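K.L.:
Using full-length UniProt numbering, read the sequence shown as starting at 1 and increasing by one per residue.
In this text, a Cβ means the ideal position worked out from N, Cα and C, and glycines have one as well.
Please read these numbers as outputs of a predicted model, since none were measured by experiment.
Mind looking over this structure? Questions follow.
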Amino acid sequence: MMSLARVDYIPPWWTYWLHNFPHINLRFQPIDKSFQPEDDNYQQSLIFLGCVAAAGLGLNLLCLAIYLSCLCCCRKEEEEESKKPNSCCVTWSAVAAGLITCVAVGVGFYGNSETNDGVYQLTYSVYNANHSLGGVDSLVTGTMGSMKSGLHLHLARLDEIFATRGDYVQTLQFMQQMADNVIKQLLGLPDWENAKLDLASIADQTANIEYYRWLTYLLLLIVDLIICLLACLGLAKQSRWLLTTMMVFGVLALILSWTSLGADLATAVGTSDFCVSPDKFIMSQTKGIISAGEISSESALKTLKCF
């Protein structure tokens, strides 16, 4: 016979890398790295990562402002011979920057697609877990109904048939006690119907948020690519108006890019904290459901691992 081995859940390597990021609250105090979205300190640690991206944006804008100020203040009338080398240097620098931007946009398209696929797999798994919980609840309900009606009816019929046989009646009474104990154990199971509804709503919300996130990032990357191409066109035609317009839109795109980087970093770290140890968070969320029934945390954890 072929042996069936359960495959343990192993988080990817990058989840450990992101999980090891410093978790610091807004008072610059290190906190626990466990996934605790309802804890104020944990929320502050994710906000702190967004503030790091905001600091990077401020530094980037400061460097850009210093460069433009120096370019405007130090500009002098030059001879025609000295203008050509500078123009050539600026052109090649712009071409290199454009190529780097195009490569970065390509990586962004790939990352956006991979993230969308990952979230799709996540929602698919959540829907499967929701279906499993529904199957467990239906199986328990059907078993209890069969034992309460069919089994008791058959035992009562057998009790009438073997009423004159004391040993058979004693055996039937023992079977009746066993059936009552099984029903009692089934009644002590947690009500998975509430958890099933929660999983379904979480999966629906995640799918909706991911759709708008994917569409937003797709539009942002397309805008970055258009700005890069128009800037190259402005350099080729030496259009000062076009270059100025693209500079303004480039600064706006820079702000949006750094903002999205901060949001992505905080989301990635929070997701990695969950993926490193999902059992702990799920058990804490289902504590109320489990405590309502006569079931131990160890049994619930084993059931969770089966999913």
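Per DSSP, which residues does Ile24 bridge with? Please list them.
P.N.:
Pro30
K.L.:
Using the rule of at least 16 other Cβ atoms within 10 Å of the residue's Cβ for burial, across every protein chain shown, is residue 309 buried or exposed?
P.N.:
Only positions 1 to 307 of the chain appear in this structure, which leaves residue 309 out of reach.
K.L.:
Could you tell me which of Gln205, Leu158, Val119 sits nearest to Gln173, measuring between CA atoms?
P.N.:
Leu158
K.L.:
I want to know whether the region 236-246 touches the region 126-138 - three or more CB-CB distances under 8 angstroms.
P.N.:
no
K.L.:
Which of helix, strand or coil does DSSP assign to Ile255?
P.N.:
helix
K.L.:
What does the Cβ neighbour count give for Cys232, buried or exposed, with the cut at 16 atoms within 10 Å?
P.N.:
buried
K.L.:
Within the same chain, show all residues whose beta-carbon is closer than 7 angstroms to that of Cys275, passing over the 5 residues directly before and after it, in chain order.
P.N.:
Same-chain partners within the cutoff: Pro11, Thr15.
K.L.:
Specify the secondary structure class of Ile183 as computed by DSSP and reduced to three states.
P.N.:
helix
K.L.:
Could you name the residues of the same chain whose beta carbon sits closer than 6 angstroms to that of His23, not counting the 5 residues immediately before and after it, in chain order?
P.N.:
These residues qualify, in order along the chain: Ile31, Lys33, Ser45.
K.L.:
Quick one: using the 10 Å Cβ neighbour count with 16 as the cut-off for buried, is Leu219 buried or exposed?
P.N.:
exposed
K.L.:
From the DSSP output, in three-state form, read off Pro12 for me.
P.N.:
coil
K.L.:
Please report how far the alpha carbon of Asn112 lies from the alpha carbon of Tyr67, in whole angstroms.
P.N.:
32 angstroms
K.L.:
What would DSSP say about Glu38, mapped onto helix, strand or coil?
P.N.:
coil
K.L.:
Just to confirm, is the Cβ distance from Ala53 to Trp258 under 9 angstroms?
P.N.:
For Ala53 and Trp258, yes; Cβs fall inside 9 angstroms.
K.L.:
Could you tell me the alpha carbon to alpha carbon distance between Cys228 and Leu252, rounded to whole angstroms?
P.N.:
13 angstroms
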